[in-house]
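Read through the structure below, which is laid out as structure tokens, and then see the notes.
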Amino acid sequence: MYSSTSSQDYSQKAIEQGTKRPPFRRLRGYAFDPSLSLKLDTAAINQRIFNIPWESELQPGPRGEYLEVIDFDPASDCWYEPVDLNDPNLLAQDGHPPSEGNPQFHQQMVYAVAMNTICNFEKALGRQVQWSSREDASKREEFVQTLRIYPHALRAANAYYSPQKKALLFGYFQGPNGMVFSCLSQDIVTHETTHALLDGMHRRYIGDNHPDTLAFHEAFADLVALFQHFTFPEVLKHQISRTRGNLEAQSLLSELAHEFGVATGRYGALRSAIGDTDDKGAWQPVQPDPARLAQALEPHERGSILVAAMFSAFLEMYKLRSVGIVCLASSGTGKLPDGALHPVLVDELASVATKTARHFLHMAIRALDYCPPFDITFGDYLRALVTADYDMVPNDRHGYRVALIESFRRWGILPDGLKTLSEEQLRWPYARIELADGSPDPTSVLTALALELSGLVQDSLYQRKRSKVYETLWRARIRAHAYIEDMMKSSDTVRCMEFMRVTGLELRRNGKVEGLHYDRDGLPSFEVHAVQPTLRVMPDGDILKQLIISITQRRRKLPANLDNKAMGSFDFPGGCTLVFDLEGDVQDSGGVIPTLRYAIKRPLIDDKRLAVVRAHRSMRYDTGVALRSTYFNTEADSAEPFCMLHSNH
Numbered sequence: 002m003y004s005s006t007s008s009q010d011y012s013q014k015a016i017e018q019g020t021k022r023p024p025f026r027r028l029r030g031y032a033f034d035p036s037l038s039l040k041l042d043t044a045a046i047n048q049r050i051f052n053i054p055w056e057s058e059l060q061p062g063p064r065g066e067y068l069e070v071i072d073f074d075p076a077s078d079c080w081y082e083p084v085d086l087n088d089p090n091l092l093a094q095d096g097h098p099p100s101e102g103n104p105q106f107h108q109q110m111v112y113a114v115a116m117n118t119i120c121n122f123e124k125a126l127g128r129q130v131q132w133s134s135r136e137d138a139s140k141r142e143e144f145v146q147t148l149r150i151y152p153h154a155l156r157a158a159n160a161y162y163s164p165q166k167k168a169l170l171f172g173y174f175q176g177p178n179g180m181v182f183s184c185l186s187q188d189i190v191t192h193e194t195t196h197a198l199l200d201g202m203h204r205r206y207i208g209d210n211h212p213d214t215l216a217f218h219e220a221f222a223d224l225v226a227l228f229q230h231f232t233f234p235e236v237l238k239h240q241i242s243r244t245r246g247n248l249e250a251q252s253l254l255s256e257l258a259h260e261f262g263v264a265t266g267r268y269g270a271l272r273s274a275i276g277d278t279d280d281k282g283a284w285q286p287v288q289p290d291p292a293r294l295a296q297a298l299e300p301h302e303r304g305s306i307l308v309a310a311m312f313s314a315f316l317e318m319y320k321l322r323s324v325g326i327v328c329l330a331s332s333g334t335g336k337l338p339d340g341a342l343h344p345v346l347v348d349e350l351a352s353v354a355t356k357t358a359r360h361f362l363h364m365a366i367r368a369l370d371y372c373p374p375f376d377i378t379f380g381d382y383l384r385a386l387v388t389a390d391y392d393m394v395p396n397d398r399h400g401y402r403v404a405l406i407e408s409f410r411r412w413g414i415l416p417d418g419l420k421t422l423s424e425e426q427l428r429w430p431y432a433r434i435e436l437a438d439g440s441p442d443p444t445s446v447l448t449a450l451a452l453e454l455s456g457l458v459q460d461s462l463y464q465r466k467r468s469k470v471y472e473t474l475w476r477a478r479i480r481a482h483a484y485i486e487d488m489m490k491s492s493d494t495v496r497c498m499e500f501m502r503v504t505g506l507e508l509r510r511n512g513k514v515e516g517l518h519y520d521r522d523g524l525p526s527f528e529v530h531a532v533q534p535t536l537r538v539m540p541d542g543d544i545l546k547q548l549i550i551s552i553t554q555r556r557r558k559l560p561a562n563l564d565n566k567a568m569g570s571f572d573f574p575g576g577c578t579l580v581f582d583l584e585g586d587v588q589d590s591g592g593v594i595p596t597l598r599y600a601i602k603r604p605l606i607d608d609k610r611l612a613v614v615r616a617h618r619s620m621r622y623d624t625g626v627a628l629r630s631t632y633f634n635t636e637a638d639s640a641e642p643f644c645m646l647h648s649n650h
């Protein structure tokens with residue numbers, strides 16, 4: 002006999018039987034942008050399913066652990082109803098179907114793409130990501146739980162990340178073929194999310210002491226968007242089939258924001274990694290030019306050189322790793338037969354492209370932990386790439402690092418101060434403090450700092466809530482600051498001098514360094530910028546357990562030109578990134594002493610670097626292209642650098 006049972010009874014029964022929650026939430030979205038759904042050739046591949054980690058407490062908006070979508074349209078003075086992705090009807094059909102006219106799909110799209118980008122960062126970094134903190138009225142840092150996303154924030158051909166609002170703001174505008182929504186471009190959403198993630202890791206990278214800094218922000222965001230193209234199986238197979246496996250030909254895989262580019266008057270995509278359209282609309286491959294870097298001053302133009310260098314290395318590795326497949330398919334000739342490629346061959350080439358792109362994507366993200374905390378240069382990034390990959394994969398049997406070095410050399414990206422570009426020279430030098438027998442010195446002031454933080458660091462590794470992780474690591478920063486301050490106050494000058502030598506900081510009491518602030522006791526100011534533990538799974542299954550500590554100082558209001566006060570002033574930073582191996586040395590007692598592996602430093606007292614900064618600012622002033630005066634007309638503008646940068650591109 003039939004008997005009815007309530008949904009609550011079913012839920013309780015499921016709990017009793019131990020039914021697990023789904024590992025992923027499946028959400029539909031555009032693989033690129035809506036324009037490709039209107040073309041017969043690409044309509045079938047322009048929809049994809051995003052597998053997003055399941056958030057059991059996801060609220061309408063959507064609002065979850067990382068993101069909060071707020072759909073207010075100021076131009077129309079309109080609030081759009083927030084999407085509820087827990088609605089059974091949406092769960093049953095993988096969310097709303099792609100639609101340009103449905104604001105709730107717009108909300109779903111930005112959430113899915115941003116979460117997909119966050120997942121890639123967390124896999125590469127081996128920890129949870131955090132957004133850059135906000136200062137309260139007393140200048141104390143506040144935890145930012147969610148990055149806010151406004152899908153219809155402005156009626157303009159622009160989209161940008163706001164460091165002040167801790168938000169992504171997407172514009173929409175009337176194009177030649179209808180309304181263009183930047184929030185529906187997977188490339189643009191990924192690009193802006195990457196800006197926010199990079200700012201959360203390195204909030205000092207928004208500066209103008211070096212031409213590479215803002216250019217790096219733009220280039221890195223483009224690289225993440227490009228490499229994520231290769232995680233779309235159907236798109237990848239379609240484009241490999243169309244180009245017959247030649248990824249150096251023009252394809253969707255190497256281009257960014259096609260609809261946005263066409264709608265704003267370009268012949269093609271907004272940017273391309275390997276080529277561009279000329280004045281007649283014809284696509285031409287770009288050729289390496291070592292002299293181009295010295296001439297490129299605008300951030301997007303300069304950043305495109307770094308993108309080309311990285312993407313070219315990826316293409317070389319793809320060709321190298323697919324040689325065997327092509328050899329089999331061509332009976333040893335190396336030249337594929339005419340006609341359509343066999344589906345099995347397409348699948349194999351797509352698999353190689355995906356693995357290679359994923360390695361480059363994770364390599365690019367991991368390298369951020371090996372970079373200086375400010376004024377990054379492209380050469381620094383190359384050294385960070387090589388060092389980070391060496392720590393993960395000491396035996397580079399496929400030649401990824403060789404491909405990177407060769408490609409960067411062809412594009413003229415050379416680190417300062419190196420005699421050769423060998424892998425050994427490019428890796429950051431070890432900074433281990435050792436005893437006479439070569440073992441780590443347990444009494445070293447730097448080893449002692451890592452030991453001082455070990456309890457809090459261990460606690461943070463086993464916490465799930467990001468707010469708890471932030472609070473724990475905030476206490477670790479306070480403890481690290483107190484440790485260094487106590488060291489400065491003590492009479493142990495040997496330990497203090499050792500700390501200064503390794504880190505490049507200026508910690509002497511009453512040192513009288515121009516521009517450096519001293520307190521009433523004569524102690525110089527400094528900031529423990531970050532304390533970040535990581536757990537990274539290496540290819541052989543081992544865990545690489547590291548601790549990253551960044552410490553910075555600033556010399557404030559130094560004159561940009563000693564002979565021309567009209568050029569204004571600037572802040573000159575100094576400091577370092579310390580990379581510890583948390584399982585560096587096991588003692589006879591069973592305890593573990595952390596080992597300092599790298600000290601990536603920028604000395605605060607460095608006349609040569611100071612002269613370079615002054616020359617850079619003088620050059621910008623003399624040529625009339627000072628970045629601040631070009632993009633930022635007011636103090637309010639300078640607080641929103643990406644708004645002004647992106648409004649011109």
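Just so we're aligned: the sequence shown equals residues 2 to 650 in the working numbering. The beta-carbon is built from N, C-alpha and C at its ideal position, and this holds for glycine as well.
Task: From Phe25, Asp78, Lys40 and Ala226, residue whose alpha carbon lies closest to that of Pro54 - done: The shortest C-alpha separation from Pro54 is found at Phe25.
Task: 8 Å Cβ cutoff, Asn52 in contact with chain C - done: Here chain C cannot be found, since the structure has a single protein chain.
- [ ] Measure the beta-carbon distance from Arg598 to Ala432 and round it to whole angstroms, keeping in mind my assumption that it falls under 8 Å.
- [x] Approximately 7 Å separates the beta-carbon atoms of Arg598 and Ala432; this is inside 8 Å, confirming the contact.
- [ ] Report the partner residues of Trp80 according to the DSSP bridge assignment.
- [x] Trp80 pairs with Phe73.
Open item on the list: How far does the alpha helix (DSSP H) with His192 in it extend, from its first residue to its last?
Closed with: Bounds of the alpha helix (DSSP H) holding His192 are Gln187 to Met202.
TODO: Using 10 angstroms around the beta-carbon of Lys546, count the other beta-carbons present and answer buried if the total reaches 16, otherwise exposed.
DONE: So Lys546 counts as buried.
Task: Rounded separation between Tyr112 and Leu28 - CA only - done: One alpha carbon belongs to Tyr112, the other to Leu28, and they sit about 9 Å apart.
TODO: Measure the CB-CB distance between Thr596 and Phe581 and report whether it falls below 8 Å.
DONE: Yes, the pair counts as a contact, with Cβ atoms nearer than the cut-off.
Task: Coil, strand or helix - Tyr391 by DSSP - done: Helix, per DSSP.
Task: Ala404, enclosing alpha helix (DSSP H) - first and last residue - done: For Ala404, the uninterrupted alpha helix (DSSP H) segment begins and ends at Tyr401 to Arg411.
Open item on the list: Alpha carbons only, please: which of Pro177, Thr232, Asp376 and Leu454 is nearest the one belonging to Ser352?
Closed with: The residue with the shortest Cα to Cα distance from Ser352 is Thr232.
Open item on the list: Whole angstroms are fine: how far does the CA of Glu424 sit from the CA of Pro416?
Closed with: Pro416 and Glu424: Cα-Cα distance of roughly 12 Å.
Task: Start-end ranges of the beta strand (DSSP E) lying completely within the segment 465 to 511, minimum 3 residues - done: Entirely contained in the segment 465 to 511, not one beta strand (DSSP E) run reaches 3 residues.
- [ ] Can you tell me which of the three DSSP states His530 falls into?
- [x] Correct three-state label for His530: strand.
- [ ] Report the partner residues of Tyr431 according to the DSSP bridge assignment.
- [x] Answer is Tyr599.
Task: Residue range of the unbroken alpha helix (DSSP H) whose run includes Lys167 - done: Note, Lys167: premise wrong, no alpha helix (DSSP H); not H, not E.
Task: As assigned by DSSP and simplified to three states, the class of Pro642 - done: When secondary structure is reduced to three states using DSSP, Pro642 falls in the helix class.
TODO: Mind reading off the beta-carbon distance from Ala404 to Ala314? Whole number of angstroms is fine, and I expect it under 8 Å.
DONE: Their Cβ separation, rounded to whole angstroms, is 4 Å, which keeps Ala404 and Ala314 in contact under 8 Å.
Task: Selection from Leu611, Leu506 and Gly201 that minimises the alpha carbon distance to Phe144 - done: That would be Gly201, whose Cα lies nearest to the Cα of Phe144.
Task: One or two residues paired with Lys546 in a DSSP bridge - done: DSSP, once it has assigned bridges, lists Leu536 as partnering Lys546.
Open item on the list: Comparing C-alpha positions only, which one of Ser57, His218, Gln129 and Asn117 sits nearest to Tyr161?
Closed with: Of the listed residues, the one whose Cα sits closest to Tyr161 is His218.
- [ ] Compare the beta carbon distance of Met116 and Cys184 with 8 Å and say whether it is the shorter of the two.
- [x] Met116 is not a Cβ neighbour of Cys184, given a cutoff of 8 Å.
Task: Extent of the continuous beta strand (DSSP E) run through Val181 - done: Per DSSP, Val181 belongs to the beta strand (DSSP E) from Gly179 to Phe182.
Task: Buried versus exposed, by CB contacts within 10 Å (16 or more), Pro373 - done: With 16 or more other Cβ atoms within 10 Å, it is buried.
Open item on the list: Please report the straight-line C-alpha distance between Tyr3 and Gln187, rounded to a whole angstrom.
Closed with: Low confidence applies here, because Tyr3 scores a pLDDT of 41, under 50, leaving its location unreliable; read the following figure in that light. Rounded to the nearest whole angstrom, the CA to CA distance from Tyr3 to Gln187 is 49 Å.
TODO: Name the two residues that bound the continuous beta strand (DSSP E) containing Phe361.
DONE: Element bounds for Phe361: not the beta strand (DSSP E) but the alpha helix (DSSP H), Pro344 to Arg367.
Open item on the list: Looking at the strands, I want to know which residues DSSP matches up with Asp560.
Closed with: Rather than Asp, the amino acid found at residue 560 in this sequence is Pro. Beta-bridge annotation (DSSP): Pro560 is paired with Ser570.
TODO: For the alpha helix (DSSP H) holding Ile150, just list the boundary residues, first then last.
DONE: Segment Leu148 to Leu155 is the beta strand (DSSP E) holding Ile150; no alpha helix (DSSP H) there.
- [ ] Compute the distance between the beta-carbons of Trp429 and Ile550, then report whether it is under 8 Å.
- [x] For Trp429 and Ile550, no; Cβs fall outside 8 Å.
TODO: Could you tell me which of Ser455, Ala354, Leu383 and Arg478 sits nearest to Arg367, measuring between CA atoms?
DONE: Comparing Cα positions, the closest option is Leu383.
Open item on the list: Based on DSSP bridge pairs, tell me the residues matched to Gln554.
Closed with: Within the DSSP bridge table, the entry for Gln554 names Gly575 as partners.
Task: Ser492, buried or exposed, once every other Cβ within 10 Å from all chains shown has been counted against 16 - done: Label assigned to Ser492: exposed.
Task: Terminal residues of the beta strand (DSSP E) in which Gln229 lies - done: Segment Asp213 to Gln229 is the alpha helix (DSSP H) holding Gln229; no beta strand (DSSP E) there.
Task: Anticipated Cβ contact below 8 Å, Leu198 with Phe122, distance rounded - done: Leu198 to Phe122, Cβ: 5 Å. Contact.
Open item on the list: Whole angstroms are fine: how far does the CA of Arg402 sit from the CA of Gln464?
Closed with: Between Gln464 and Arg402, the C-alpha separation is close to 35 Å.
- [ ] Reducing DSSP to helix, strand and coil, say where Lys21 ends up.
- [x] Reduced to three states, the DSSP call for Lys21 is coil.
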